[in-house]
Amino acid sequence: MRDPAPVVSVVTPAYNEGRNLALLYQRLCQTLGELNISWEWIVVDDHSADETFSVAAELAQRDPRVYVLRFSRNFGSHTALICGLQQASGDCAIIMAADLQDPPETLPVLMEKWRQGIQVVWAVRAVREGEKTSTVAFARIYYSLMRHFVGLKEMPSTGADFFLMDRRVVEALREFRESHVSLLALITWMGFRQTAITYDKQARLHGRSGWNLEKKLKLVLDSVTSFTYLPIRLMSYVGFLVALVGFFYAGLIVLNYLTGHPVQGWSSLMVAVLVVGGVQMLMMGVLGEYLWRALDESRRRPRYIIEDTSQRRFPSEETRESNRVQKAQG
Ligand code: UDP
Ligand code: MG
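Read in my numbering, the sequence shown has 100 at position 80, and its numbers run on one by one without any break.
This is the structure we're talking about:
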C-alpha cells in the first residue's frame with residue numbers, strides 16, 4: 021500500500037541554524053501531532069558554515085518525514101524557499117524560518133483559514149520581540165515602498181515571511197523561472213484568495229540574523245525592478261525637466277551675450293556641470309540595474325545548485341508521482 025500523501029509540507033530555509041533545528045523539529049512534531057495529520061518537513065540548508073546540514077540529516081535519518089537539501093553556496097533564503105517548494109508534495113505548504121521566531125503553534129490558525137478556502141494565508145507580525153530598531157525601521161520603509169511606490173497594495177504593512185500556500189499556488193509558483201525576485205512580492209502579485217492573521221514574532225533563540233545590509237539592499241532593488249518600471253519613467257520626467265530648464269537657461273546666456281552682457285562665472289558653470297553630471301550618473305545606475313537583471317535572466321543559469329541531500333523516504337516516489345498526476349489534472 022502507498023504511504024499517505026502529506027497534507028502539509030513545512031518548508032524551512034536554514035542558514036547557520038544548527039542549534040535551532042532540533043528544537044523546531046520537536047515543536048513541529050508536537051503541534052502537527054496534535055492536529056493528527058500527515059506532514060513532511062523540507063529543510064534547505066543555504067550553505068551554512070555550521071552543523072546545520074548534519075543536524076538536519078540526522079533528524080532525517082530518524083524520521084522519514086524530514087528531508088534536507090544543501091546548497092553548493094549561499095543563494096539567499098528566497099531561493100532556498102523556491103527550492104523547498106519544488107520538493108513540497110503536500111496539499112498545502114507552510115513557509116517558516118528555522119530560528120523559532122515564528123512559533124509553530126500558529127500553524128493550526130493558518131490551517132484553519134486554509135480549510136475555510138483561503139489559498140494564501142499570511143502570518144503578519146504584530147509584535148517583534150528582540151529586534152533592533154533599525155531592522156524594524158528598514159522593514160517598515162521596505163513594505164511602505166512596496167505598497168505605495170511599486171503598487172503591491174496587498175502586501176502586509178508590517179511585513180510577513182511566515183505563511184501558508186495552497187498547492188495550487190505552489191504549482192503556479194513553480195512555473196516562474198525568475199532568479200532576481202522577492203518571493204513574497206511575487207506571491208502577493210499572483211493574486212488568488214489571500215488573507216492575513218497576526219501573530220507575535222518571537223526573539224531569535226540562537227545565532228543571529230543572516231540578512232545583512234547587502235542582502236537587504238539587493239532585495240529592495242530586486243523587488244522594485246521586478247514589479248515596476250516607475251524609476252525609468254521618473255528618469256524620463258527628470259530628464260525632460262532638466263533639459264527644459266537647461267535649454268531655457270542656454271537661451272538666456274546667448275541672449276545676454278548678444279546684448280553685450282556675457283555672464284561671467286566659474287561657479288555657476290561648475291554647479292551646472294556637477295548637478296547634471298550627478299543626475300546622469302544616477303540615471304545610468306538605475307538603467308544598469310534593469311539591464312543587468314535582464315542580461316542575467318537571459319543566461320538561464322540554474323537558480324540554485326544542490327550539493328548534498330538526505331535520502332528521501334517519504335512520501336514514496338510512487339506517491340509523489342501519483343500526486344503530481346492528480347495535481348496536474350486539477
Ligand atoms: N536564511 C537563509 N539564507 C540566508 C539568510 C537567512 O536561508 O542567506 C534563513 C534563516 O536561516 C532563517 C530565515 O532565512 O531560517 C529567516 O532569516 P533570518 O532569521 O536571518 O531573518 P530575519 O528574521 O532577521 O528577517
Ligand atoms: Mg529570523
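The beta-carbon is built from N, C-alpha and C at its ideal position, and this holds for glycine as well.
- For the pair Ile252 and Leu89, the CB atoms are not nearer than the 8 Å cut-off.
- The beta carbons of Met175 and Ala205 sit closer together than 8 Å.
- Burial state of Lys133 is buried, judged by a 10 Å Cβ sphere holding 16 or more other Cβ atoms.
- Judged by DSSP secondary structure, Leu225 falls outside any alpha helix (DSSP H); it is assigned neither H nor E.
- Around the beta-carbon of Asn40, 16 or more other beta-carbon atoms lie within 10 Å, marking it buried.
- Listed as beta-bridge partners of Leu184 by DSSP are Ile114, Val141.
- Here Trp134 carries a helix assignment [DSSP, helix/strand/coil].
- When the Cα atoms are used, Val86 and Pro33 turn out to be separated by approximately 13 Å.
- Taking a contact as a CB-CB distance under 8 Å, the pair Val190 and Ala108 counts as one, their CB atoms being some 6 Å apart.
- Per the Cβ contact rule, the region 98–115 is in contact with the region 56–63 (3 or more Cβ pairs under 8 Å).
- The region 255–262 makes contact with the region 303–312; the number of CB pairs closer than 8 Å reaches 3 or more.
- With distances taken between CA atoms, Tyr249 lies nearest to Met166 out of Val265, Leu294, Met166.
- When secondary structure is reduced to three states using DSSP, Glu54 falls in the helix class.
- When the beta-carbon positions are compared, Val31 and Ala117 stay at least 8 Å from each other.
- Taken from the Cβ of Asp220, every heavy atom of the ligand UDP lies 7 Å or farther away.
- Proximity to Asp23 across Leu225, Gly259, Cys49, Arg333 peaks at Arg333, based on C-alpha coordinates.
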